[in-house]
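Remarks on the structure that follows.
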Amino acid sequence: MANIPENLHYSKDHEWIKVDGGDMGTVGITDHAQHALGDVVYVELPKVGDKLAAHEVFGSVESVKAVSELYLPVAGEITEVNESLQDEPEKVNNDPYGEAWMIRVRITEPGAVDKLMTAVEYEDYTKAETE
Amino acid sequence: MRYIPNSPDERTEMLRAVGLNAPEELFDSIPADILLKNPLNIPGALSEMELLARFEEMAAKNAAARRPSFLGAGAYSHYSPTIIDSLLQRSEFFTAYTPYQPEVSQGTLQAIFEFQTMVCQLTGMEVANASMYDGSTSVAEAVLMAERVTRRRKVVVSPALHPEYLHVTQTYVSHAGIDLAQTGFDEATGRTTLDDASIDDHTAAIVVQSPNFYGCVEDLQALAERAHKAGALLIVAVTESASFGLLRSPGACGADIVVAEGQSLGVSVGFGGPYLGLFATREKYARQIPGRLVGVAADKEGRRGFVLTLATREQHIRREKATSNICTNEGLIALAATIYMTTMGRQGLQEVAMQCAQKAAYAARCISEIEGFSLPYAQTPRFNEFLVRAPVHADELLRRLASEHNITGGLALSRYAPERANDFLVCVTETNPRAEIDALVAALSPKSFKSPKSKVQSPKS
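In the order they appear, the protein sequences are chains A and B.
Note that our numbering gives residue 65 to position 65 of the first sequence, counting from 1, and the numbers run on in steps of one.
Note that our numbering gives residue 160 to position 29 of the second sequence, counting from 1, and the numbers run on in steps of one.
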């Protein structure tokens, strides 16, 4: 059973975003996503200062099976990237909601996160997707 | 004789299965007025002996194949040791197909790994792929890679890049949203120049060939510094891989991507192909390199093994988002180059390069002494190729050199640049003995032409 924390918002592309108060958000991929990908060997992240629209690609995650795009759940400007994933991509498998946070963004429209899925909705979504 | 593998009985059975009586009924949907009604107007079949005789007769008409040649400009005559063909044609190697199954492909994978290792040593880079189609497509792929690495969309290209390489690159990037612009060119030195206006913080890369199309060795270090100051990459293209044996490697000069035509490394000129693209870069860009990459790994018992690596970024897995849509690489030609490099060794490659450079220097000096002829970029360092300015139209001059003196004297540049009507490129390699160079020089001299009508005119000025 995948771990789906209550306090996060979820996208259909299997990213999570945590609103850190005000207009700042932290983004990563879900436990369900890391499980589907298998062993992650490389994470490619954007540059600080990049301004991206909602659903725009902000990077990619490479597992032994495939390379998958990472999509930004809401529009925003990248303020920080998790450099430690360069050397320790396995964190994505071990701690997808903690040490494997990927980027921090300044959210363009803070209300936009409310359109994303809640934990309960995401759980239903992943169940429907796997059925 | 037609090679149809199934028997008449089998064909009848297949026709019955689809409800037809005769094979012709398969074509019923084609309108009668466009169907061919008569047999094709071609000669009848020949026996194997007759066929061989016919081809030999046609081959004998190819006078150019036996003529001393000073053609270069992207295709170079070098000596290929006989070991190359005999090893290449071994059935274990004689397939260019991608070795997807490492457990049955260790020999092929090891050969590719050795190829990559030697390409890195030649170019002075850290990672090389398993080859590209040829030099020109390698330049195009390097431009696409620079866009992926820098996420910038402007690329400035030296006007002294081989014009055909530029055309191929234009075709590749025409739908990729990349703008190609030109650097400057110094007509006094034959070298690429860069002014501040042509490079900015939108520039993904500078593309420069060295030795360039006119044979001049570029100041790669200065260009690399200029590119890096703007956050751009320096892409160095090499058409004559024999030059690696003598010149400081592009990697040592600061290049970020080095691409080359590998034909010089034991592959025959062969009417333009199949050739071999070399592609090498810095390790930090390994994930953006196009095409196949072979790596060394260990199995669970710790034994060494070779495998395709970073394959998740390739077209058979990542489809339209792959780093390139190159599929099967030039495996067999890469193997030929591997055998060549191994056979020649460091010393052999240096020896070939030295002979090329020295013979070219001798030819250049002799030609520059002919009345009316000049070498516009004589003061710039070169390898084995140089630009000659004739007192007459070069195209006509070279035509007469072939017909009256049986020498292919070089490549007239009018086909690429109408304003260079009197210019031609001369290339000299280790395969041109001194007697051939002396014959070229004698033939170029104004007094060498037979009829007074065909005498080369001195310049009017």
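Idealized CB from N, CA, C, for every residue including glycine.
Under a criterion of Cβ atoms nearer than 9 Å, the residues of chain B adjacent to A:Glu-62 are, in order, Arg-418, Leu-441, Thr-443 and Arg-444.
Scanning its chain for C-beta atoms nearer than 8 Å, with the 5 sequence neighbours on each side dropped, one finds around B:Gln-313 the residues Val-287, Val-288, Ser-289, Pro-290 and Ser-329, in chain order.
Using a Cβ-Cβ cut-off of 8 Å, B:Ile-457 does not count as an interface residue toward chain A, since no Cβ of chain A sits closer than that to its own.
The C-beta of A:Tyr-42 comes closer than 8 Å to at least one C-beta of chain B.
The bridge partners DSSP lists for B:Met-263 are B:Gly-408. With fewer than 16 neighbouring CB atoms inside 10 Å of its own CB, B:Gly-401 falls in the exposed class. No Cβ of chain A is located within less than 8 Å of the beta carbon of B:Ile-388. Look at B:Phe-246 here: in three-state DSSP terms it is helix. In the structure shown, the three-state DSSP call for B:Ala-312 is strand. Using a 10 angstroms sphere on the CB of A:Lys-91, the tally of other CB atoms reaches 16 or more, which defines it as buried. Scanning chain A for C-beta atoms nearer than 8 Å to the C-beta of B:Ile-448 yields Ala-66 and Val-67, reported in chain order.
When Cβ pairs closer than 8 Å are counted between the two stretches, the region 379-392 of chain B is seen to touch the region 267-281 of chain B, the count reaching three or more.
Listed as beta-bridge partners of B:Lys-285 by DSSP are B:Asp-310 and B:Thr-334. Scanning its chain for C-beta atoms nearer than 7 Å, with the 5 sequence neighbours on each side dropped, one finds around A:Tyr-42 the residues Glu-62 and Pro-89, in chain order.
In the DSSP assignment, A:Tyr-71 falls within the beta strand (DSSP E) that extends over 67-71. Rounded to the nearest angstrom, the gap between the Cα atoms of B:Pro-381 and B:Thr-254 is 6 Å. The alpha helix (DSSP H) runs of length 4 or more contained entirely in the region 448-500 of chain B are, from start to end of the chain, 462-499. Shown here, A:Tyr-122 sits in a helix according to DSSP, grouped into three states. Look at B:Leu-292 here: in three-state DSSP terms it is coil, with no helix or strand label. The beta-carbon distance between B:Leu-439 and B:Leu-424, rounded to whole angstroms, is 7 Å. This is short enough to meet the 8 Å contact definition. Rounded to the nearest angstrom, the Cβ distance from B:Tyr-508 to B:Ile-568 is 19 Å, too far for a contact under 8 Å. The straight-line gap separating the alpha-carbon atoms of B:Asn-537 and B:Arg-198 is approximately 6 Å. In chain order, Tyr-71 place their CB closer than 7 Å to the CB of A:Asp-13, counting only its own chain and leaving out the 5 sequence neighbours on each side. Here the region 146-157 of chain B makes no contact with the region 45-54 of chain A; the two share fewer than three CB pairs at distances below 8 Å. Contact between B:Val-339 and B:Thr-323 holds, with the beta-carbon distance rounding to 5 Å and staying under 8 Å. By the CB criterion at 8 Å, A:Trp-16 and A:Tyr-125 fall outside the cutoff. In this chain, the beta strand (DSSP E) harbouring B:Phe-555 covers 554-558.
When the beta-carbon positions are compared, B:Ala-204 and B:Cys-558 come within less than 8 Å of each other. When B:Asn-193, B:Ala-194, B:Asp-140 and B:Phe-201 are compared, the shortest CA-CA separation from B:Arg-565 is found for B:Phe-201. Taking the C-beta atoms as reference points, B:Val-367 is found nearer than 8 Å to B:Ser-341. Between B:Leu-506 and B:Ala-525, the CB-CB gap reaches or exceeds 8 Å. For A:Asn-93 and A:Ser-84, the gap between their C-alpha atoms comes out near 14 Å.
Ranked by how close their Cα comes to the Cα of B:Ile-215, the residues B:Ala-259, B:Ser-399 and B:Arg-142 have B:Ser-399 in first place.
Cβ atoms of B:Val-519 and B:Gly-503 stay farther apart than 8 Å, at about 11 Å.
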